[in-house]
Structures are given as C-alpha cells and as structure tokens.
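The next block holds one structure in the form of structure tokens; read it before the comments.
There are 4 protein chains.
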Amino acid sequence: MGMVGGGPGSFIGIVHFNGAILDGQIELVCGAFSSDPKKSKITGEKYYLTPERAYGSYQEMIEIEKKLPEGVRMDFLCITTPNHVHYEPARLALENGFHVVCDKPLTHKTEDAEKLVRLVEKTGLLFAVTHTYTGYPMVKEARKMVQEGALGKIQKIVVEYPQGWLTRPLEKSDNVQAIWRTDPARSGKVGSMGDIGTHALNLAEYISGLKVTELCADLSIFVPGRKLDDDGNVLVHYNNGAKGLLFASQIAAGEENDLNIRIYGEKGGLKWHQMEPNTLIINWLDKPIEVRRTGNPYISSIAKYNTRVPAGHPEGYIEAFANIYRNVATCIQHRLAGTKPPAEALDFPTVYDGLRGMNFIDALVESNKSDRKWTTLSSDF
Amino acid sequence: MGMVGGGPGSFIGIVHFNGAILDGQIELVCGAFSSDPKKSKITGEKYYLTPERAYGSYQEMIEIEKKLPEGVRMDFLCITTPNHVHYEPARLALENGFHVVCDKPLTHKTEDAEKLVRLVEKTGLLFAVTHTYTGYPMVKEARKMVQEGALGKIQKIVVEYPQGWLTRPLEKSDNVQAIWRTDPARSGKVGSMGDIGTHALNLAEYISGLKVTELCADLSIFVPGRKLDDDGNVLVHYNNGAKGLLFASQIAAGEENDLNIRIYGEKGGLKWHQMEPNTLIINWLDKPIEVRRTGNPYISSIAKYNTRVPAGHPEGYIEAFANIYRNVATCIQHRLAGTKPPAEALDFPTVYDGLRGMNFIDALVESNKSDRKWTTLSSDF
Amino acid sequence: MGMVGGGPGSFIGIVHFNGAILDGQIELVCGAFSSDPKKSKITGEKYYLTPERAYGSYQEMIEIEKKLPEGVRMDFLCITTPNHVHYEPARLALENGFHVVCDKPLTHKTEDAEKLVRLVEKTGLLFAVTHTYTGYPMVKEARKMVQEGALGKIQKIVVEYPQGWLTRPLEKSDNVQAIWRTDPARSGKVGSMGDIGTHALNLAEYISGLKVTELCADLSIFVPGRKLDDDGNVLVHYNNGAKGLLFASQIAAGEENDLNIRIYGEKGGLKWHQMEPNTLIINWLDKPIEVRRTGNPYISSIAKYNTRVPAGHPEGYIEAFANIYRNVATCIQHRLAGTKPPAEALDFPTVYDGLRGMNFIDALVESNKSDRKWTTLSSDF
Amino acid sequence: MGMVGGGPGSFIGIVHFNGAILDGQIELVCGAFSSDPKKSKITGEKYYLTPERAYGSYQEMIEIEKKLPEGVRMDFLCITTPNHVHYEPARLALENGFHVVCDKPLTHKTEDAEKLVRLVEKTGLLFAVTHTYTGYPMVKEARKMVQEGALGKIQKIVVEYPQGWLTRPLEKSDNVQAIWRTDPARSGKVGSMGDIGTHALNLAEYISGLKVTELCADLSIFVPGRKLDDDGNVLVHYNNGAKGLLFASQIAAGEENDLNIRIYGEKGGLKWHQMEPNTLIINWLDKPIEVRRTGNPYISSIAKYNTRVPAGHPEGYIEAFANIYRNVATCIQHRLAGTKPPAEALDFPTVYDGLRGMNFIDALVESNKSDRKWTTLSSDF
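Protein chains in written order, with the numbering used here: chain B, 1 to 381; chain L, 1001 to 1381; chain U, 2001 to 2381; chain C, 3001 to 3381.
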C-alpha cells in the first residue's frame, strides 16, 4: 500500500495505517505524506520506509511506483488527504492501474465523484471508501437482521451523529483538523454534514437496505464567522415509505463521537451506538429486550467474519477500519491469484457509496436554501 | 379532592389517585368515576368512599359538593377523563369556585382552552395541568442549571418521545386506552402528538426556558385504517436562535415510555432520560462528564424540595405526579390560611402550559398539511 | 395503622407512611412518634391526626387503642424506631391483639427475636418485617425464574450492598441517623452488617430459595473511634453446594444505596441492581442477553401483581415499600372478612425472616472473632 | 520479533501478533508456532514469513536467529504457548541475549519464575509479562489518580473477573483452549485462578499501588470431573490496612470477560470495567459523579501516551496489548540507540509481576487447603 496524506497533524492518516497493517496482510511500502517533500521524508522515517519511497508528491509516487515490479510496487493507493485532494490522486491511481482506498466524502465536487465512478467501471479496479462505521461487526449483524426480515417492514429510522469539538472556533487556533474542515476551499460546500452527516446516511442506508428519496434540511452555522454548517437537522423519507430523522452536529457541546442509530420495524426495533460498538440492542414488541454481543457463538457469520477476539474483549474503531482494509486486501489477493473472494470480503463501501454521499450533500444544500418542504434525493442506483 | 374519570380500564385515573394521596396531604372525598352511575359507585367503593359521594356525573358532583361546608366538600377537582371530557367539567368547576387539576392535552379544541385561560384569570382559581415529567427533581435541576447559565447560550435541543405500544392496531381489540386515543372524536385532531408530543414540547420549553417560534412537521399514520397520527418528526426553531428536533412516536416498536432530552449550550450539554429519571448527565466542553443524582447534598434546593428519599433510593413516575399534587395542595393550604406559599410550591404546569400545548397541536397540523417549510408557532405569552 | 417512631429527624418513618398510604388501603390513625409527648403531638399534626391520637408513648397508644371499636382503632402497629425499641412495642402489640409491621433488623438481641416468633405462632397474628428490597417486582420475577429452574442448579451468588455515607464520622455531627446506627446500645452488636448486610442476605436467600449454611466473615471498622463495623466482607456456602460472596459497606465512598445481586446457575445468570430496579438482566450460556422490564406483558403474574404503572413509567423504593404494606393490608382485610387472601398477597417478609437476620448477625460476629475459616449458620427452618 | 506458540487453535497467539504489529514498530520475522514443524511452516505462511524462518522448535529458532546479524535477527522473543512451555523458551532466550515478552502466568512452577527473575537481573535484558489489562489508558489514569492521592487513603478494593465459558465441560470437546487450561500438566496447580485470577490481582495492585499481604481463599470445582478450580472467592488484606474481595470464575454462566474493579478511598471511589474500557467512573463523597473518558484533553499524560485516537473512537483489547508491545519496542530501540527511553515507556508489567502472580497462586492453594482463616502472601519486593 502507498499512502497520500497522513503527514504531521493528520488524524486520519495514522488510523488508516493502523487499520491497514493490523492483520499483517498489508504493508505500507511508500507514501507521499505531505506536499512538502522534507516533511514527507520525515513522516516516511516514522513508518520505517526507505527514504526513496517517501515521495514529494503523489504524482511522483504513482509515476515511479508503476514502474516497479509487482510484489515490490504498491498494490493500491490509500488517500487520506483533505477532501479537495481526493479526486486527483484517485483519478491518477486508477488511470495507472492502482486500486484505491479513499477517505470520505469521496470528492470535493459531485462531478468528480461521477468521473471516478465511470473510471472504476471502465478500469474494473477496486475502489473502497472508508465509511468506517459499517465495518463494525454489530452493524453487519444489524443489517443481516433487517435483511432477514426479523424486524418486519421498516417504518422509522433515527440516525444521529453529535460531536462537540467545533463548539468553539478551533479553526482560529492552530488545529489543522478544524482549519481545513471549516474551509470551503478544502472541505467542499458543506462542513459537518459532509464530515459526519454522510456517515450517518451511509449507516442508515447500509443497515436498512433502504434509500432516502426526499429530505428537508435545516443546516446552521452557530459559531460566528464560520463559513460552513456546524450543525444540521434533516427530515427524511425512505423508498419503502419509512420516515425518519437524521442529524449531525459538531457543536453538540461535550459530545465525543456519538454516532447512534435506531431502526423500528413492524415487529421490533434495533439500536446501535458507536461508542459502545460491540453491543446491539433489539427491542421486541412482545418479548424481553435482546442484547447481542460481538464474539458470541450465536451471531451471524458475516459478523463473525469481521471479529478477531472472543466475546468480552472489546474491539473498536481501528478494528472497524481494519475490516475494510482486510476485505480489500483479500479481494486484491484473490485477483492476483485469479480466484474468487469469499462473499464476506466483498462487503465494504465502494465508489458508489462515495457518490451517494455527494448526492446527499447536494440535496442538503438545495433543501437548505429552499422554502419548499421536500427536496428529492435520487435513489436510482 | 374529587375526581372525574378513573373508572374501569382507566390507566391515568389511578395514577392521579396514587400521586395525590402519596404525601398524606390530599384525600379523595368524592368522584364521578364513570358516566354509568353503577360503575361510578363500584369504583367509589374501591376508593373507600361513602356511596353517596360516588356521583353519577360530574355535574351532579359539583352541584352537591359546592353546598357542603368547607373542610368537608372537595377542595379541588381532578380531571382524568379522555380529552373530549376535559373542558366541560373544568369550566363547571371553575365557575363553581373549585380549583382544578386536569390531565393533558388541556382540551379537545383550542378555543376551549382559551376560554379556560380566561376563566382562570377571571376567577383567580388554581389550575394545574399534569405535564408530569416536569415534576421530576432532576428535570428541575436541569432547568435550574440552564437558568443559571451553566451551559451558556442554548444552541441545540433534541427532545424525543418514542413509544411502541400502538405498533399494532390495538384499537381493534378491547384496549380502552388505544380506542379513545385513536378516535378523533375523543382525542382531538392529533393522536400521538397530542398524547405524548405535547409532553415533549413542555419538557423542552420548561428546561430551556425558551419558546418554539416555528416548526416543520412530518406526521404519519403507519397502521392502516388508523385516523390519527401515530408518529411525527418535527424540526423546530426557538426564540433565541436555537434549533432542534422533536419527535414522538407510538409505533417505535419495542420502546416503552422513552422520553429523552438533550440540550446543548456553548459551554456544555445535558441529558435526561425519563426511564432513568434520578440521573442528570452533563457533558462539558473541557472537563470530565458530570453525573448528578437525586437526593445528594449537592443538588439545588428546588430539586431537593421535590425529593422524598435519600440518594440511591429510586423515585419514579408516581412521585413525579405527587410533586405536582403536593405543590397544588400546598398552594391551596396557603390560600385557605391566607398565607403566601413558598416559591418552590408555585412550580407546577398551569392552564397556560395547557393552552401552549393546544397551540402547538394547531401548528403541527397546519405545518403537516403545508408544502412550506416553516409554520409559525406564536410565543406571545 | 398506628406508628411507633417516625418523629423529627427520622428517615424511615416517613417512608413507611408513604408506602403504607400509597394505594389508599391504609390510613394512619394514630401514632407514638416520639418519646417526648410534645414532639409526638407536633408530628401528629403533620400527619393530620386528631391531637388525642398522637400519643406520648407506645404503651399508652396500645392501651387506649385496644379499647376503641374495630374500624376505629388501629388495625396494626408499624414500628419504625431504632433497633433497641423494636422488641417491646412488638411484644406489647402482639399481646394486645394487634398485627405488626416492623423495620429490620427485627430486634436488638436474638433471644427477643425468638420470643417474637413464639408469640406470633401463639397468637396467629400477622407480622411483617420490612426487608423492602424483596418488594420490587423484578426481584419477584427473578425468584420466579429460579424457582422454575430457568437458570438450572444455582452455583454462585454474589450479593453486595455498598454505601458511602458513613465514610466520614457523621456520628460526631448532629446526624440522628448516623448517631444511633453507630451506637451499640441502640443498633446492636453490629453496625453496617445489621443495617444493610441483613438486607443482602435476605435478598440472596429470597431470590435463590437457598439458605446460607456457613460463612467466613471479615468485619472492619475504618473510621477511628467508631464502635461498630462499617464494612464487612463475607465468604458464604449455601445448602445446595452453591458458593458466594456477600459484602456490605458504609465506607464505600461515593456510593449511594447500591444493592446488587448476581446469581449464576448451570444455564445462565441473572443480575438485578436496586438503583435501576425495573430491569432484570439474564445472561444465557448460548443465547443473547435478555433484559426483562417491569410492566411488560411477558412478565410473571407475581411481578405484575406488584406493579402499578405501564412499562417505562419507573416505580421505585416507595412502591417497593408499598407492596409489602398492600400485601399486609390485603391479608388483614381477608382476615376481617373471613376469606382467604390470594397467594400473591402472602408474599412478604415475616418474623421468620427477621429471626433469620438475627441468626446471621450472630454468625457474623462469631466468625469475625474466630481464626477458623468457617462458622456454621443454622438453616433449620 | 520471533514467536513461540500461536499455531492452529491458538487464541492468544494471534492477539500477540495483532498487538505487536499494530503501531508499525514491530515486525514478526520468525516463529516456532508449533511443535510439529509442518504446522509451524503452515502458520508461518499465514504470517508471510519466508519458510526458513518458520522453525520446527524454539530451540532451533534461538540457535539460528542468534547467529543472524542485528537488524535481521529477531530482537526479542514472544512466548504464547500454554503455561508449561513458558519457562524453557524464556530461559533459553535470556541466556542467548534475547529480550522476552511472555504470556501469563509466568511459569508452571514458582521456582522457575524465581530462576527467570535471577536471569533477568543477571543479564539486564527486558522481560515483559502480558498482564494486558494494565495496558488500558483508563487503568493508567486510575493508577495516576490514586498515586496523586485524589481518593485519599485506600480502604476497600473489590476486584472481580467472572467468565462463563467453562460452565460446561468444554474440555471434553475439541476446544483446545479448554483442554489445556483444565489440565494440571499444562496449566499448573490452579485453573481459573491462574488464568484470570492473576490478572485480577495484578490489576488491583497496579492501580492501588498496594500489595496483598494475606488472604483467605475458597476455590471450587463445579464441573464434575474437572481437575482444577473453575471458581474462586478470596478475602484479601492489603499492606496499608485496606481490605477487599477478589473473585474469579469461569462458571459465571453467560458472562463474557467481565473484569471489573472498584477502589474506595477516604475521599471517593473509582470504577473501571474492562468491557467498557474507555470510561473511568469516579464517585466523590460530596460532589457529582465524574466520568473520565479516553482521548480527552483533560486526562493525564500517561493515559494519553497509551491512546491512539480521539475521544469517542473506542479502543479495545488489541490496543491494550499493543500498548505493552509499543512500550517494549520503544525501550529496545532506545537500548539499541544507547539513549534513555521516556518514563512512560517503562510502564509495562515485568518478570516481577510474573513472579508475584506465581506467589499469589501458591498462597491461594495453601489457603484453600487450610482451616485457618488467613494465609500470608509475602509482599517483600
């Protein structure tokens, strides 16, 4: 694997790294960690890379790596830069035959996301987008339960993602994360809704198997001087008639990373909380509450496939990341071997999920400007 | 105290009774428990009333009781009937000089609520509406914290009230509660939003001290054949610029009575869950989470005033009801004695809260029909 | 009902009162609230008693009340005094034909407890001891599950009762509760183990249906100058071969009233926490965790019998107390009517549970002095 | 790093691997994964080792590796075999100049543990023992709080480790883990108390900074035919006068891996639960409960040093393992560089903790056989 981004001050670069290498299937062999070649070299040293493979730019990296023999060159590119530097390295990687794992939101502009979809379809290469939270085993368990009809027809979905870290104007300090995330030039046309709202949508649609078809958005900027939304409340309609709420906030003072979902069907409801991810709660209409826990014999095979340790030994965020990477690595290994990967390994978010997120962002912005109650979100694919 | 309603199959009548008598200050001396005089007598026996004071109608009860000497006659009327039988007994009681404690929503029609407000203002009598949840000590603690500015300016409020008991068409069984609550003739123009949505509004406005000024409602009927909403999602704006979500549902399968609120200010956020009511959680921006618990020395005097037992001895729903009744009883005693009640005793929901709920219902219905995003909710008083 | 104790500074007197009257079946008609007749009168006024029935001593009260006609005189005596004033009023009440509800521990000395047992057997009167915690509906649900064999043979029991309120030498302040509870002359030969340890034993034996047969106690006094144990750790053996731990502490700094129990059988384990009493957690060997909640249709009839409100409306400590009183009142009513009470009403702790607690205290003290590992606790009855 | 053990059916080998490589500082370069050379090769392939470095025995591995140049040869040996194969590879590694990371309990026999201590002292090599649970950041936070006196003098400690997986006779199935753990020849003279009881002791002594000086043990075998304890309850005394309970069970039906600790001082108490490891709860005498969470700005530097991701992104068991490995790796790097490691990196369990566990086991066995209440556990070092 080669990495773009992840230099000093990065939060997500190191998480990609930890997640990628955790299972021993993936090795970081090269990187373009910073647009400053010196900083890139320094970061390369921290990762024990040989200096010549800590490149000064992703263009250079792709250019040189593609000439290296298979088994030596990177097998895929991992993109952990701010949003405005997703598209170009992704495009270049695909055009040069490299698979891609890209952070979310997929791109800065929707048209770029559409181009990436077409490139992926044309090249047949793998393209994962790290909607990390669907990598948790109990999220997969939840999806499986819904698929099997355990809850009956889904009627209501409440998905929420409160954080509090941007309650203060951190972008006026030296906090690199806050600075780029609140800057339209780097983040895109939304702030919190792109950063975390897209995760909420992805989680709701992944577990429920439904698609949002229309929405009514109320985005806000609470911190004076900020240019992008730091809070958003959204009413949503799903393609089966289900209704719901989605909210994301980065001014929910005191909240850490409190992604939560509740899905109610005709027979029961389920609850999952990211901050206690190894637990899935099911409320039944006429029966006691059921609590399923990661690592137990009774859970589904897809959840087991994404679990490493026995019940009661908590797995967390890095392991969820690692599940995406392990699945991608398994698929690449099977491609190299000319074999078919197991069905479980195909279960990771792709370029289509990335485009979906961009379409969601567009609909949010349109709705937020509008006096009409409902704005359509296409659910064609 | 005299009671209207509370006959066979009633849920809330007995709760009013338990709450009223818990502290030994109030005695049930008469009742019109059913429109069927025989049933009323039978219920009267259960409450150890003398047969002649188990009346066949509230009209009869008020007529006779008002002629009894003070100290013998009821001091106030408690109304626990379905919504369409709130206004008339309340009006009659006020006109005959009796204080009133009435269940919510206040009336069947808003104009009736307005009439009651005018009658209360004219007569100077006490009129309590049992928005029970604001009777909990930790709700009062939360309100106190907001009042004192502990959280800074309030920016976001999420209040929710999911129940699951109407996921099935219970109104087609012999479930008395389900039958009248889903019947427009008895319940009014909304279902779940009147039954529990008004509690959610009351809780949010009580703790925050803010008023909803506009809202965007998406009400639904999920159970085929049902005539009133069994679910509703609402975006709300508050009078200080805060924004939020309010939802209530009776098809949230498997949920019991899960009223929850989260209020976020510039300095921190607080959380209260009705199903674990003795706990108040405060998330701070830069400090560890703080958990306040009923009955401890450090809580506010208003919370202590509404607490009976030491910390760790849980108080619940009946005690929250009892707090309203105790406050009403204290105010009545002081009136009789010609003295001024303590400030804490004045803290109970009144006819104005009842009217507020009716205005909220009207705005919900208007918004739900409209294609416009926002509908105004007056916050004049 | 007549009450002994419950004067100024009393904690438990008012709780007995609230619990007794909650359901409207019991009325406080007289009391000897203090050994100071003036204080007794003042307390009587608070309870709206006529002055002549606020007596200056329990002797006087029993003497006068027994001469009043049935229906006017008290039906039973409720004893809420410190431990050293349990025996005499209980004896006198029984000898004069009154049923008794007595706080725990039953007496100051075991020989007195034995005398009360013999008196109860001789007179045939009812005698309840307020081991309150077995009044909670989910405790009864737990007992029912064990009785039905749901957990298989019980193998391990962990029961614990940590409180923190005596971490400081409160007995040196004007805290009436602390003063008498730490005084051997009023409390007896143990402190925390009598005050709360006996509750722990009662809970474990009630749910499991087992009896402790031998124990190994390590009692401590942590606060300098205190004369009775403020902490105790005990290993226990049960009569079916199960083993376990029991601990009680009043120096567990910061704990409120955290009575907890875990019972493990061959098929699963259950957990109940007094501070969240409406929840019963069952961990199964091969199935998801099951969470049963008060007020749901699926719970046992004995639990339902002891529940007042629908699921999700929390019931607490006063309601647990009220369950004991309601059961006693129901039994008394049936006696007066010459009918047989329902089986559910017979389920309250009696004079035998009181004696059991005294025997437990004796065994603890003996074990604590001994170098031998095990001390026998008779489980004859 | 080279590994002994971790072949087919191993649970802990793969965890050591994941933990070791997570941070990218350690590479698995060789292994003796099984006593069967073929199985060892197959496991080696899974770890992407070159075939010649998947050895048929640890003797062979040490023999060959020590001849390889620094930078190529393994830097340290990681031992993940059953208990009876800890001592010999550890001894051989030390004698040949390799640092060691060894699973617990340290050895099969105490005399072997003592020999290892002497060898470590003689060679000056690093020797870590994977008492994993002290690797969690909030455990380090807890220790720091106690060290700083935040809780005042410690008076009571309750540490418990219930598991349920051996409630059934799994050792009669093909469960490799159950088979060796219940076999005295491989596990040693205790079962559950060695497997998990030693973790409980280590956790209590690590956080409190205290030492157990005497204990009273009640060990049990509940499953018929089993040869080693599957449950144990222990009273303990600490060297500062604190008292407590320690229990470990593998027949606590339905429990996963529920290691919990509560420590009470004169000013407050703290609670940590392994299954929700990112939370530390502090109960104060006169203040609201405080909840500290991993990854927040307010936690101590030692806790931050052992944290990877921001607050709200859960870290788990593998990360706790990785903290030990990262600390060991840091120390080795500094040794190689001739520099002094940061103080934080020295904070990992060592051969002395391993010997302490063995002494604890000896005292448990002695106490369990004895009729005397107390058995001494030396706390000399």
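Here a beta-carbon is modelled for each residue, glycine too, at the ideal position from N, C-alpha and C.
Values in this document were obtained by computation on a predicted structure and should not be read as measured data.
Beta-carbon proximity of residue i to residue j, cut-off 9 Å
i	j	result
residue 311 of chain B	residue 326 of chain B	no
residue 1321 of chain L	residue 1019 of chain L	yes
residue 2318 of chain U	residue 1028 of chain L	no
residue 265 of chain B	residue 140 of chain B	no
residue 3299 of chain C	residue 3184 of chain C	no
residue 1064 of chain L	residue 1092 of chain L	no
residue 219 of chain B	residue 368 of chain B	yes
residue 1072 of chain L	residue 1079 of chain L	no
residue 146 of chain B	residue 261 of chain B	no
residue 1226 of chain L	residue 2015 of chain U	no
residue 1360 of chain L	residue 1182 of chain L	no
residue 2957 of chain C	residue 3239 of chain C	Lying before the first or after the last residue shown, residue 2957 of chain C is absent from chain C, which here runs from 3001 to 3381.
residue 88 of chain B	residue 58 of chain B	yes
residue 133 of chain B	residue 258 of chain B	no
residue 2233 of chain U	residue 3244 of chain C	yes
residue 123 of chain B	residue 94 of chain B	yes
residue 2100 of chain U	residue 2113 of chain U	no
Proximal chain B residues relative to residue i, where beta-carbon distance stays under 8 Å
i	result
residue 2290 of chain U	288, 289, 290, 291
residue 1279 of chain L	Ordered by position in chain B, no residue passes the 8 Å Cβ test against residue 1279 of chain L, which lies about 16 Å from the chain.
8 Å Cβ cut-off: residues of chain C touching residue i
i	result
residue 2243 of chain U	3218, 3220, 3231, 3233
residue 2268 of chain U	3253, 3254
Per-residue contacts from residue i into chain L (C-beta, under 7 Å)
i	result
residue 208 of chain B	Correct list: empty, because the minimum Cβ distance to chain L is about 14 Å.
Integer Cβ distance of residue i from residue j, believed to fall under 8 Å
i	j	result
residue 3196 of chain C	residue 3248 of chain C	5 Å
residue 375 of chain B	residue 215 of chain B	6 Å
Distance cut-off 8 Å: residue i Cβ against heavy atoms of the ligand NAD
i	result
residue 1267 of chain L	As presented, the structure is devoid of all ligands, the ligand NAD included, so that no description of it is given.
Interface partners of residue i on chain U, CB under 9 Å
i	result
residue 1071 of chain L	Correct list: empty, because the minimum Cβ distance to chain U is about 12 Å.
Interface residues of chain U facing residue i [CB-CB closer than 8 Å]
i	result
residue 1317 of chain L	2309, 2313, 2314, 2315
Bridge partner(s) assigned by DSSP for residue i
i	result
residue 1953 of chain U	Only positions 2001 to 2381 of chain U appear in the structure, and residue 1953 of chain U is not among them; the question remains open.
residue 1350 of chain L	L/1128
residue 1003 of chain L	L/1031, L/1078
residue 2180 of chain U	Answer by DSSP bridge pairing: none, since residue 2180 of chain U is not bridged.
residue 1190 of chain L	Residue 1190 of chain L pairs with nothing; no bridge assigned.
residue 2382 of chain U	Summary: the structure shown does not reach residue 2382 of chain U, with chain U confined to residues 2001 through 2381, and so no result is reported for it.
residue 2216 of chain U	U/2235
Where residue i meets chain L, residues with beta-carbon distance less than 8 Å
i	result
residue 249 of chain B	1156, 1264
Per-residue contacts from residue i into chain L (C-beta, under 9 Å)
i	result
residue 372 of chain B	1371, 1372, 1373
residue 397 of chain B	Absent from the structure is residue 397 of chain B, since the part of chain B shown begins at 1 and ends at 381.
Partner residues on chain C for residue i, Cβ-Cβ distance less than 7 Å
i	result
residue 1298 of chain L	3286, 3287, 3288
Neighbour list for residue i in chain B, Cβ cutoff strictly below 9 Å
i	result
residue 3261 of chain C	Chain B residues near residue 3261 of chain C: none, gap ~15 Å exceeds 9 Å.
Can you find at least 3 beta carbon pairs, one from the region 208-225 of chain B and one from the region 355-366 of chain B, that sit closer than 8 Å? Yes, the region 208-225 of chain B is in contact with the region 355-366 of chain B.
Do the region 3243-3257 of chain C and the region 2277-2289 of chain U meet, that is, are 3 or more Cβ pairs less than 8 Å apart? yes
Is the region 2186-2195 of chain U touching the region 2098-2117 of chain U, taking contact as three or more C-beta pairs under 8 Å? Result yes; three or more Cβ-Cβ pairs closer than 8 Å.
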